[in-house]
Structures are given as C-alpha cells and as structure tokens.
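Just below is one structure, and these are the notes that go with it.
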Ligand code: GLN
C-alpha cells in the first residue's frame, strides 16, 4: 500500500499556525484509525535550528535520536503518536549539504547539478522516506508562498502531484481572512492573492483553512470558493481558539477529516475524539487555579519555551487546574525595586528552566535558595538542576565559590563541569549531549515515586554536567542523587529528601509530555504546587485572623 500525502502550505502572513493545523489534521486522521507521519521543510539555510537563538526562532525541539529540530515537531508529537526523528525535519541548508557532499564524492557522474532535478529529487526522496509504513504523510512547507527560498519545496510538491495523481496527494493551504474593523467586514482579497500566487507555481489548493476571528458566513465561503476554484465545502473556518487543543475539535466540526478522506479516496472508521473533547472541557471548566513562576534569563518570548509551557499546561490539566504562568526575570531578583521575597511570595511553585550562558544565574540562585528554605515546590530542568546543585554547594555545604565552569572557568569548585572535555569530545559524541539516554532511578526516592519505575529514558541537550568529585560533599549535606545513567557516568536527577518537593533533572522531560499523556514530573510538580498554594493561603488567612484578634502580638495596634 502506498501512502497518501497532504501538503500544507501557508499564505498571506507567517504565524498562521500551519504547524498546529498539520498536527491537528494528523490527530483527526489518527482518531479514525489511520496511521500518520508528519514532516516539516524549513526554507532557511541553517543546517538545523540548533545554532539559532530561541528568542528569534523559537524553541529547539529535540527528538529521541538527538536531532535539533523546529518547534512544530513538538506539536506533531503532542497531537499524534508519530515517532519523529531527524528524517522529519529538513532545511534548505541540510538538503544542500547532502547534495554538495554527493557532488564532491563524484556521485553525479559528471552531470551539472541543478535545483531541478537534483534539489527537488532530494526533497521528494526525503518525503517518500517518512511516508513508508503509514497511511498518510502530512508534509508542512515552512515560510509563506511567494518566498524565494521556498520555491524548490513548492516545485517538489507540484511534481509529487504530477507523479502520484490526485487520489494520492492533497494540497491544503492555510490563509488569512482578516476582519477589518473600519468596514466591519471580513476580507477575502488576501486569500485570493495568495491562491493566485500558488497557482502561478502550478499548485491548485484543494482545501483552504481560513484563519479568522469569527465564523465565515455561507456567502463569504462561496465567494472564496468561486474565486479560488475550490469546493465551497473545502473553505474551512479555522477560527481562533482559547486553547490549541481545541483545534482538532474545531476542524472536526467543519468536517475537514471527512473531506480529506473523500479527496484521498480513503476508507476509515468513525472518528473518536472523546479524549480531546475531555481535554477541551477541562480547559474551560477548571476546579481551581495554580500559579507557577518560571525564573529565567529573559522575560519570555512567546515561542522560546514552547514545550515547557505546554508540559506545565498538561500537568495542570491532569489535576483539572487552570495554570497561571508568570515569567520572573532572574536579574530583576537581584536588582529590582521590590525585594526578591516580595517578587516570589505569590508563587505556588518555582521552576528554573534550561538555558545557556551566565546571564541571570545569580538571580536563579536567589530563587532556588528561597524555594529550598521556604519549602516552595521547586523543579529545575537542565540548567535549573545545575544551578540548584551550585546553590546547595554554596549555601548548605559551605563551598562559597562553587560554580559551573560554563559561568566561571576559574572557579575552585567546579560542581558542574564538562566531563567530556576531560574524556575527549569524540569519545562521548560531539560537543552537546543530545537525544534519548537511559537513566536508572534509585528506589525509595521522590523520583521513583513520580515515575513508578527503575529505568526511564529522557531527552537531553547540554554540554555541562554534575561533577562526581563533589558527590560525597553534597550528599553528606543532604542532597540525594536519585537518577544516573546505568553506567554511573552522568548524574541525571537530584532531589532534597527534607523538602516537600525539590527535584532537578539534567534532561528535558517537557519534550515528551502530551495533553493525553502528561509527563509525571510535570504532573507531580503542579500537584505539589497546588497543595502548597492551598497551605500558603490558609497560613496567610490564619495570620490575618491572628492579627485581627491580637494585634499587639503581631507588632501592630
Ligand atoms: N548550559 C547548560 C549546559 O550546556 C544547560 C543547557 C540546558 O539547559 N539545555 O550544560
């Protein structure tokens, strides 16, 4: 059986949610029992996003095989069961890298190497590779139609239709239908122009997903259908929603999946979206709230910690809670107008996420000490775990200058260091430790209670690690190492047994959390934060009552 392809392109402007649309279509097709895979082509020249700033390009999503990929792959994994790898994300840079390597090897046997056919063939081969063993491969083309960079990808998908025919390929175009306040009208012109642009490169879209803030009337739909040469039924209202997990449900109401099956001549069972509807129900009907503070280098940029934010949402949904997420700028804890106690007092839980570089570290240390001393649930991820170890070494074990060699190469106490630098980078695989590694959990620890098993596998992206030379000192002070690689080389998890919930991990559990399968580390952290919040409010109320009855004892009259 050969797979069918859905090609997702975007028009008018970027950030229309092509990735979410692709992921949601995948989710809908899975809900009908079909097997899907998803892939993304990014037209930029970087070989992968690993070297790009998350504050420019958004988070770097890491797959099990250690590929540093576009954040849309995170959506694909959260919405479907597809197993993604480096095969699922290609950039122009990577396509060219392959072609140039072949050219240097002489593989082209004297031929002139050209965009058509050599680049387009390479792109088509990459698509066919992920389409093996699935019913439908969903291929998202990054960028916007009309971009110079995306032309080879557009040409490749045009050729795919030519080769495989209409029954095996479907073009889905995500476009914008803006509401113009002055005219009190939805405007279809940008969509018409975008489709014209696609037509000029030989692609007639089959389905239009129209991003809009209100439902498209029948008149608007028939106007778009007429001008863009698609069926009226194929003009879909992709209305803004309060939660991204509502997108599959909204698409199902518009009948997108039924249309896809008809166009691709696929038979499938009735859709079953119960689980997703339940998630959406929870989003709209929380039983209470929980407030988490993320202490980081910068105040956040929308997409730079995508998976982390989603994982916290999943953790909150698991307890039927609404998540309030606030970013605490680490440097502001040192220098802000308000004291750090004032700034941190209203959080039910504190989290220090992954990151690189020295900026903000002192502020993170302040937040971690506060969480440790005040029994506030704490979760440190990657950099967050490293800084927690430094804080413990300094404030509990008396190693005043303890640091990571990343922030202070000359520190006398390198509690965090680059093990691989000592062993030779080659031996331990490149300069970054990337992708899935197994981890052994110590019985009787919080980590064991959370995971409920002795061996786990989680994804990594770091250069520095815990220095075992300090294990004796730190554990004597009360830190517990609760997870390590099976050979004992790397420390993967630490915790404080004397604290209600203080845990750090060297890996990034957020990459594996899904709304329907919330990651246990996030679920328990948010749960502990909620409990702490209840206690915090009860204590505050008790103090107020006390003050009311016995003001003299509280130093007030
Ligand atoms: N900068 C730290 C390291 O490279 C942490 C990395 C991270 O948090 N992803 O080890």
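Numbering (our numbering), first residue to last: 3 to 559.
Quick reminder that beta carbons are idealized off the backbone N, C-alpha and C, glycines included.
Small disclaimer: the values here were computed from a predicted structure and weren't measured.
#### Entry: CA nearest to the CA of residue 521, picked from 316, 420, 343 and 398
Taking the chain shown and counting its residues from 1, the one referred to as residue 521 is at position 519. In this structure, 316 is the residue among 316, 420, 343 and 398 with its C-alpha nearest to the C-alpha of residue 521.
### Query
Between residue 252 and the rest of its own chain, which residues show a CB-CB distance below 7 angstroms, the 5 nearest in sequence each way excluded?
For this step, residue 252 is matched to residue 250 along the chain shown. Around residue 252: 241 and 243.
#### Entry: Touching by the beta-carbon criterion (3+ pairs, under 8 angstroms), the segment 278-292 and the segment 530-537
By the Cβ criterion, the segment 278-292 is in contact with the segment 530-537, since at least three pairs of Cβ atoms, one from each stretch, lie closer than 8 angstroms.
### Message
Is residue 383 a contact residue of the ligand GLN, with contact defined as CB to any heavy atom under 8 angstroms?
### Response
One-based indexing of the chain shown puts residue 383 at position 381. Yes - the ligand GLN has a heavy atom lying nearer than 8 angstroms to the Cβ of residue 383.
#### Entry: Reduced DSSP category for residue 101 - H, G, I as helix; E, B as strand; rest coil
For the purposes of this step, residue 101 is taken as residue 99 along the chain shown, with counting starting at 1. Note: residue 101 maps to helix in three-state DSSP.
### Task
Quick one: using the 10 Å Cβ neighbour count with 16 as the cut-off for buried, is residue 431 buried or exposed?
The residue you call residue 431 lines up with position 429 of the chain shown. Because the pLDDT of residue 431 is 44, which lies under 50, any placement of that residue in the model is unreliable, and the question is left without a value.
### Query
Considering only residues of the same chain and omitting the five flanking positions on each side of residue 307, which have a CB-CB separation below 7 angstroms?
Locating residue 307 in the chain shown gives position 305, counting from the first residue. So the qualifying residues of the chain are 61 and 355.
#### Entry: First and last residue of the uninterrupted beta strand (DSSP E) at residue 381
One-based indexing of the chain shown puts residue 381 at position 379. Segment 380-383, the beta strand (DSSP E) holding residue 381.
### Query
How about residue 388: is its Cβ closer than 8 angstroms to a heavy atom in the ligand GLN?
Translated into the one-based positions of the chain shown, residue 388 becomes position 386. Result yes, Cβ under 8 angstroms from the ligand GLN.
### Task
Report the three-state DSSP secondary structure of residue 559 (helix, strand or coil).
Here residue 559 is taken as the residue at index 557 of the chain shown, counted from 1. The pLDDT assigned to residue 559 is 44, lower than 50, so where the model puts this residue is not dependable, and the model offers no usable value.
#### Entry: Where residue 213 falls: helix, strand or coil (DSSP)
Taking the chain shown and counting its residues from 1, one reaches residue 213 at position 211. Three-state result, residue 213: strand.
### Query
So does residue 522 have its beta carbon nearer than 8 angstroms to some heavy atom of the ligand GLN?
As a position in the chain shown, residue 522 is number 520, starting the count at 1. A distance criterion of 8 angstroms places the beta-carbon of residue 522 beyond contact range of the ligand GLN, judged by its closest non-hydrogen atom.
### Query
Does the segment 42-60 touch the segment 164-175, meaning 3 or more C-beta pairs lie closer than 8 angstroms?
Because the criterion of three Cβ pairs below 8 angstroms is not met, the segment 164-175 and the segment 42-60 do not touch.
### Query
What's the gap between the Cα of residue 361 and the Cα of residue 410?
Start at 1 with the first residue of the chain shown, and residue 361 comes out as number 359. Start at 1 with the first residue of the chain shown, and residue 410 comes out as number 408. Approximately 12 angstroms, taken between the alpha carbons.
### Task
Indicate, with yes or no, if the ligand GLN has a heavy atom lying under 8 angstroms from the CB of residue 358.
Residue numbering aside, residue 358 sits at position 356 when the chain shown is read from its first letter. Yes - the ligand GLN has a heavy atom lying nearer than 8 angstroms to the Cβ of residue 358.
### Message
Under 8 angstroms, with one C-beta from each stretch per pair, do the segment 463-473 and the segment 445-455 reach the 3-pair mark?
### Response
The segment 463-473, when compared against the segment 445-455, does not touch it at the 8 angstroms Cβ threshold.
#### Entry: heavy atom of the ligand GLN below 8 angstroms from residue 349 C-beta
Stepping through the chain shown from its first residue, residue 349 is reached at position 347. For residue 349, the Cβ stays outside the 8 angstroms cut-off from all heavy atoms of the ligand GLN.
### Task
Work out the CA separation of residue 545 and residue 551 for me, nearest whole Å.
On the chain shown, position 549 is the one that residue 551 refers to. On the chain shown, position 543 is the one that residue 545 refers to. Distance between the alpha carbons of residue 551 and residue 545: 10 angstroms.
### Task
For residue 49, name the three-state secondary structure that DSSP assigns.
In the chain shown, residue 49 corresponds to position 47, counting from 1. Looking at residue 49 - three-state DSSP - the assignment turns out to be coil, as it is neither helix nor strand.
#### Entry: Residues near residue 330 by beta carbon distance below 6 angstroms, same chain, minus five either side
Position 328 of the chain shown, counting from 1, holds the residue named residue 330. Excluding positions up to five away in sequence, the list reads 295 and 297.
### Task
Since I believe residue 208 is in contact with residue 236 (beta carbons under 8 angstroms), could you give me their beta-carbon distance rounded to a whole number of angstroms?
As a position in the chain shown, residue 236 is number 234, starting the count at 1. As a position in the chain shown, residue 208 is number 206, starting the count at 1. So it is a contact: roughly 6 angstroms between Cβ atoms.
### Task
Quick one: measure Cβ to Cβ for residue 372 and residue 342, integer angstroms, because I've assumed they're closer than 8 angstroms.
By one-based count along the chain shown, residue 372 stands at place 370. By one-based count along the chain shown, residue 342 stands at place 340. Contact flag correct, Cβ pair sits at about 6 angstroms.
### Query
Does the Cβ-Cβ distance between residue 312 and residue 517 come in under 9 angstroms?
Locating residue 312 in the chain shown gives position 310, where the first residue counts as 1. Locating residue 517 in the chain shown gives position 515, where the first residue counts as 1. Contact flag set, yes.
### Query
Do you know offhand how far residue 5's Cα is from residue 75's?
Along the chain shown, read from residue 1 onward, the residue named residue 5 stands at position 3. Along the chain shown, read from residue 1 onward, the residue named residue 75 stands at position 73. Straight-line Cα distance between these residues: approximately 20 angstroms.
### Task
Would you grab the beta carbon distance between residue 196 and residue 13 for me? Rounded to a whole angstrom, and I think it's under 8 angstroms.
Stepping through the chain shown from its first residue, residue 196 is reached at position 194. Stepping through the chain shown from its first residue, residue 13 is reached at position 11. About 3 angstroms; that satisfies the 8 angstroms criterion.
### Burial state of residue 205 (16 or more Cβ within 10 Å)
As a first step, residue 205 is located in the chain shown; it is residue number 203 there, counting from the start. Looking at its Cβ environment, which holds 16 or more other Cβ atoms inside 10 Å, residue 205 is buried.
### Message
Can you list, in chain order, the residues of its chain with a C-beta nearer than 6 angstroms to that of residue 408? Leave out the 5 residues immediately preceding and following it.
### Response
Looking up residue 408 in the chain shown gives position 406. The answer, listed in chain order, is 466.
### Task
For residue 467, verify whether its CB is less than 8 angstroms away from any heavy atom of the ligand GLN.
The residue you call residue 467 lines up with position 465 of the chain shown. Taking 8 angstroms as the cut-off, one finds at least one heavy atom of the ligand GLN near enough to the beta carbon of residue 467.
### Task
Return yes when at least one heavy atom of the ligand GLN lies under 8 angstroms from the C-beta of residue 408, else no.
Taking the first residue of the chain shown as position 1, residue 408 is located at position 406. The closest heavy atom of the ligand GLN lies less than 8 angstroms from the beta carbon of residue 408.
### Task
Would you mind working out which of 456, 473, 529 and 36 sits nearest residue 351, comparing C-alpha positions?
The residue you call residue 351 lines up with position 349 of the chain shown. By alpha-carbon distance to residue 351, the top candidate from 456, 473, 529 and 36 is 529.
### Query
Quick one: Cα of residue 89 to Cα of residue 132, how far?
Counted from its first residue, the chain shown places residue 89 at position 87. Counted from its first residue, the chain shown places residue 132 at position 130. Cα atoms of residue 89 and residue 132: separation of roughly 7 angstroms, rounded to the nearest angstrom.
### Message
Give me the residue from 286, 511, 519 and 78 with the minimum Cα distance to residue 140.
### Response
Walking along the chain shown from the start, residue 140 turns up at place 138. If we check each option's Cα against that of residue 140, 78 comes out closest.
### Query
If you draw a straight line from the C-alpha of residue 176 to the C-alpha of residue 48, how long is it?
On the chain shown, position 174 is the one that residue 176 refers to. On the chain shown, position 46 is the one that residue 48 refers to. C-alpha separation (whole angstroms): 25 angstroms.
### Query
How close, in whole Å, do the beta carbons of residue 524 and residue 503 come, if the pair is a contact with beta carbons under 8 angstroms?
Counting from 1 along the chain shown, the entry for residue 524 is found at position 522. Counting from 1 along the chain shown, the entry for residue 503 is found at position 501. Actually they do not touch by this definition, with Cβ atoms about 12 angstroms apart.
### Query
Hey, residue 368 and residue 344: beta-carbon distance below 9 angstroms or not?
Here residue 368 refers to the residue found at position 366 when the chain shown is read from its first residue. Here residue 344 refers to the residue found at position 342 when the chain shown is read from its first residue. Not closer than 9 angstroms, so no.
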